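One structure is given below, encoded as structure tokens.
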Amino acid sequence: MTRARLLGVVRRTLVVFGAATSMAVLSAAQAQADEPVQLKSGLGDFCLDGPSGDWFTPVVINPCNGADSQRWTSTGDEQESVAFPGECLTRPWEHRDVFLQPCSNWPSQDFSYQPNGQISTGFGGCLAVNGAPAPGTSLYIGFCIPDAPYQHWDSVS
């Protein structure tokens, strides 16, 4: 086989492989965007609530009512607000409440729902209710403690 012919075969193979890989990646990205859900706390009938799209306004728990501010779409590792499209759950700096910020794929927005009901972050730690369950109670990122009801979240359609 001549060198030119061999290079042509290699190029065609790479093009076919690249196209197949691109289709697989696009299909996976579409499959990751789920239907909006409520995230209900293990502390009772309280749901994760992004009551405002203003920067640094804390995300809180409020009685579950199905409002858009309590509905979230998982887009990869981000939790995007339905009420405020383009705003994602964001891990705070030290000693701050969890808040909404424009989605940017930053590591501070990496929140993953775990099989045990915890929502973990890419930096470590789990989403937790900051105190007794009451309307307007803020959230923080704490050490992951298995079976802790204040770190347990049920995904409700």
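Note that the sequence shown covers residues -33 to -1, 1 to 124 in mature numbering (1 follows the signal peptide of the UniProt record, and there is no 0).
We put the CB at the ideal spot given by N, CA and C, even for glycine.
All of these numbers come straight from a predicted model, not from anything done at the bench.
Quick check: the stretch 68 to 80 against the stretch 104 to 118, are there 3 or more CB pairs under 8 angstroms? Touching, no, given that fewer than three Cβ pairs across the two stretches are closer than 8 angstroms.
Alpha carbon to alpha carbon, how far is Val49 from Val123? The residue labelled residue 49 in the question sits at position 82 within the sequence shown. The residue labelled residue 123 in the question sits at position 156 within the sequence shown. C-alpha separation (whole angstroms): 14 angstroms.
Give the single residue among Glu45, Ser19 and Pro74 whose Cα lies nearest to the Cα of Ala34.
-> Start at 1 with the first residue of the sequence shown, and residue 34 comes out as number 67. It is Ser19 whose Cα lies nearest to the Cα of Ala34.
Self-check item: Cβ separation of Pro3 and Thr40, assumed to be a contact under 8 angstroms, to the nearest whole Å
Solution: Here residue 3 corresponds to residue number 36 of the sequence shown, with the count starting at 1. Here residue 40 corresponds to residue number 73 of the sequence shown, with the count starting at 1. Sure, about 5 angstroms apart at Cβ, within 8 angstroms.
Does Gln81 come out as helix, strand or coil in the three-state DSSP assignment? Residue 81 sits at position 114 when you count from the first residue of the sequence shown. The answer is coil: DSSP assigns Gln81 none of H, G, I, E or B.
Quiz prompt | Option nearest Gln85 by Cα separation, candidates Pro59, Gln118, Trp22 and Gly91 | solution = Counting from 1 along the sequence shown, the entry for residue 85 is found at position 118. For Gln85, the nearest C-alpha among the options comes from Gln118.
For this session: Kindly indicate which residue of Gly103, Ala101, Leu94 and Pro102 has the alpha-carbon position closest to the one of Asp114.
Result: Within the sequence shown, the letter at position 147 stands for residue 114. That would be Leu94, whose Cα lies nearest to the Cα of Asp114.
Can you give the Cα-Cα distance for Ile112 and Glu47, rounded to whole angstroms?
Locating residue 112 in the sequence shown gives position 145, where the first residue counts as 1. Locating residue 47 in the sequence shown gives position 80, where the first residue counts as 1. Ile112 and Glu47: Cα-Cα distance of roughly 25 angstroms.
* Asked: Where are the beta strand (DSSP E) runs, 3 residues long or more, that stay fully inside the stretch 37 to 71, in chain order?
  -> Qualifying beta strand (DSSP E) stretches, in chain order: 39 to 42, 45 to 48, 54 to 57 and 66 to 69.
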